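Taking it in order: structure first as C-alpha cells, then the write-up.
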Amino acid sequence: MDHIPDTLIVGTCVLVIFYIINKFRNRKFNEPPLVHYKYPIIGHTWDYCADVENFFLKCRKEYGEIFSIYVHGSIMTVVGKELCHEVFNSKDASFKVAFEDKIPVARILGLPLNYMTFTAEIAKCVFNDQMLSFLEKTQRTLYREVNASIGECEEPKIIHNLRPVIFSIVSKVVTNILVGDKLFQDKELVNIFASFSNELYKLLHVPEYLGFIHPWIFRQSLILRFRFGGRKVKKLHKTVIEKIKPEIEERLRQEREYGNSWKPPVDCIQFLLDQPGVDKKNVDYVWISGQLLAATFASMSTTTSSVTNFLLDFASRPEYWDDLLEEQETFNPNDKFDNLDQISKMEKLDSFLREVFRLSGNIFSLVHRVTGPELKFSNGYQLPRGSDVGIYLKNVHHDSERYGPDPDEFDGYRYLGKNSPASKVSRDFLHFGMGRHACPGRNFAINEIKMLCGILIKKYKITIKSKKRPPNILFGGVAFTNPEPLIFENRVKA
Ligand code: HEM
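Residue numbers for the sequence shown follow the working numbering, beginning at 2 and rising by one.
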C-alpha cells in the first residue's frame with residue numbers, strides 16, 4: 002500500500018512525457034490542422050468514443066476535408082471523399098502496417114511482418130482464380146450447413162443472435178478451401194480455424210485505453226492474450242500441425258512416387274507447399290500453420306458480417322422480397338449453381354448487396370500508416386513517416402453529390418444497369434478498400450455471399466419483429482451487426 006503514491010507519481014510522469022513527445026513531434030512538415038481540445042492527454046478520446054458521428058461532422062464543418070484528432074494517446078488524421086483515394090493509391094502509406102498494430106496477427110502467429118502479402122497471394126491465386134473448381138463443393142457445404150444450423154422451420158423459429166450461425170456456415174466453406182476435402186472432415190481442425198478467427202475478431206472490441214501510455218503497451222496486451230490461457234497460440238500451432246502433417250507427408254510421398262502424373266489437390270495447403278523456396282525435404286510446418294490461420298481472419302469475419310447485414314436489411318424491407326425471390330427462381334430453378342455466370346446474372350441481389358454494404362454504418366476505419374518519408378496530399382498537406390491516417394467512410398458512402406439528395410435512403414436497385422457490381426471498388430465505394438491493395442478475395446466473397454443469400458431467400462420467409470432495420474452498433478468508428486433476433490419460417494412453395 003505504501004507504494005501507491007510513488008506508483009501514481011511515476012505513472013503520471015510517464016503520461017506527461019509521452020504527451021509532450023506527441024505534442025511537439027516533428028513540426029517541419031505542413032501537417033493538417035489539429036482539432037482544438039481542452040484536456041491534455043485525454044484529447045478527443047471522449048468525443049470519439051461517445052459520439053464519433055457528430056464529432057466528425059463538427060470537425061469537418063470547422064476544419065474541412067482533412068483534420069487530425071488526438072485519441073487514445075495518438076494523433077490520427079482523418080480524410081473523407083476528396084482525399085481518400087490519395088491514401089489508398091500512395092506507395093508511402095500502408096494498411097497492413099497500421100492493421101498489425103490493431104490486430105497483431107504476425108506477432109501472435111510468429112509470422113514475418115509482411116505475411117499479408119502472402120495472404121493476398123492465397124486470396125488471389127486460390128480463392129479467386131480457382132473459384133470455378135470450388136463451386137460444387139461450396140454449394141454442397143452451404144446447403145448442408147444451412148440445414149444443420151437453421152434447419153426446417155415448419156413453425157417460426159426465432160434466431161437470437163444470427164452472427165454466430167452465419168459464422169459457422171461461412172467458416173466451413175473457407176476451411177474446406179484452406180485444407181482440402183480430406184482434412185475438412187476433421188471437426189476439431191474446422192473448429193480450431195473458426196475459433197481462432199473469432200478470437201481475432203474479438204480484438205476489434207478491446208478498448209485502446211492502454212494506448213494512452215504507449216501504443217506498444219496496447220499491442221503487447223493483445224499479444225499476451227494469445228500467449229497464455231485458453232487461447233495459447235503454441236498449443237494451437239501444435240494441434241494444427243499434428244493434423245496437417247500426415248496429410249502433407251502423404252502428398253509429398255505421392256508427388257515423389259508419381260512425379261508429373263500426380264494430380265495435386267487444389268487448396269491452400271498445396272499452394273503453400275508449391276511456393277518457390279519451400280524445402281519439401283524439411284517442411285516448415287509452423288509457417289504453413291500460421292499462414293492458414295492468418296487466412297481465416299481475412300476471409301471469415303468479413304464475409305460473416307456482410308451476410309448478417311444483408312439478412313437484417315432483407316428481413317426489414319418486405320418490398321424487395323417477391324422480386325429477389327423471383328430472381329432466384331429464374332436463375333437458380335433447380336437449387337444448383339452450375340457456373341459463375343448464373344451467379345453474376347443475379348443483378349438485383351447484387352445491387353441490393355452493394356447498397357447493404359454502403360449503408361452498413363461504418364463511420365471511420367481503414368487506417369493506414371505512413372511508411373515512406375512522407376505522405377503528401379494534393380492540397381499541400383503533409384504527414385511525416387509514422388503518422389496514421391484513416392478514412393471517414395460515412396462521408397464517402399453518404400455523399401449527396403454521388404448518391405443523390407437522399408444519400409441515407411436505402412435504394413436496393415440503385416446500381417441496376419449502372420455497371421457497378423458489388424465487387425467493384427471505386428473512390429465512392431470502399432467496402433473492399435480500393436487502389437493497390439483492394440481486397441483480393443472480393444470476387445470469391447461476393448459469389449459465396451450471393452450463393453448463401455440465394456439459398457436463404459429461397460428456403461425461408463425471413464422477418465424481424467420490429468419490422469424496422471435496427472441500426473448497427475458503433476464501437477469507435479466501426480459498426481458491428483445488430484444482434485436483434487430474426488424469425489425464419491419455411492417458405493410455402495406456390
Ligand atoms: C465480404 C467479405 C470481405 C470484405 C468486406 C473484405 C474487406 C477487405 C478490405 C476493406 C481490405 C483492405 C483493402 C485496402 O487496403 O484497400 C481487405 C484486404 C484484404 N482481404 Fe478482404 N474482404 C473480404 C473477404 C476476403 C476474403 C474471402 C479473402 C480471402 C482470403 C480476403 C483477403 C484479403 C487480403 C489478403 C487483404 C489484404 C490485401 C493487401 O494488403 O494487399 N478478403 N479486405
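The beta-carbon is built from N, C-alpha and C at its ideal position, and this holds for glycine as well. Owing to the predicted nature of the structure, the values given are computational and were not obtained by experimental measurement.
Counting only runs of at least 3 residues, the region 37-120 fully encloses the following beta strand (DSSP E) elements, listed from N- to C-terminal order: 67-72 and 75-80. If one requires a minimum length of 4 residues, the alpha helix (DSSP H) runs lying completely within the region 293-377 are 322-332, 341-345 and 348-359, in chain order.
Residue E87 holds the alpha-carbon nearest to the alpha-carbon of G434 among P265, L294, E87 and I109. According to DSSP, L384 shares a beta bridge with L376. Between R492 and F411, the CB-CB gap reaches or exceeds 9 Å. When DSSP states are grouped into helix, strand and coil, A124 belongs to the helix group. Remark: the shortest separation between the CB of F89 and any heavy atom of the ligand HEM falls under 8 Å.
Taking 9 Å as the cut-off, the Cβ atoms of G442 and N177 do not count as close.
By the CB criterion at 9 Å, I167 and L312 fall inside the cutoff. If only uninterrupted beta strand (DSSP E) runs of at least 3 residues are considered, those enclosed by the region 122-208 are 158-160. E122 sits close to F272, with the two beta carbons spaced by under 9 Å.
For F30, there is no enclosing beta strand (DSSP E), since its DSSP letter is neither H nor E. For A446, the uninterrupted alpha helix (DSSP H) segment begins and ends at R443 to K460. According to the DSSP assignment, F476 belongs to the beta strand (DSSP E) that extends over I474 to F476. Per the C-alpha coordinates, the member of L205, Q255, V147 and I392 positioned closest to T78 is I392.
A residue is called buried once 16 or more other Cβ atoms fall within 10 Å of its Cβ, and E402, having fewer, is exposed. If you draw a 10 Å sphere on the C-beta of P157, you find fewer than 16 other C-beta atoms in it, and that means exposed. Remark: C-beta atoms of R415 and S352 approach each other more closely than 9 Å. Here the region 135-152 makes contact with the region 169-183; the two share three or more CB pairs at distances below 8 Å. The nearest non-hydrogen atom of the ligand HEM is 8 Å or more from the C-beta of M132.
Not one heavy atom of the ligand HEM falls within 8 Å of the beta-carbon of P113. When DSSP states are grouped into helix, strand and coil, Y259 belongs to the helix group. Cα atoms of E155 and S306: separation of roughly 27 Å, rounded to the nearest angstrom.
Taking all protein chains shown into account, D102 has 16 or more neighbouring C-beta atoms within 10 Å of its C-beta and is therefore buried. Taking the Cβ atoms as the reference, V357 lies roughly 5 Å from D314, within the contact range of under 8 Å. Of the candidates R61, S196, V98 and N340, the residue whose Cα lies closest to the Cα of G81 is R61.
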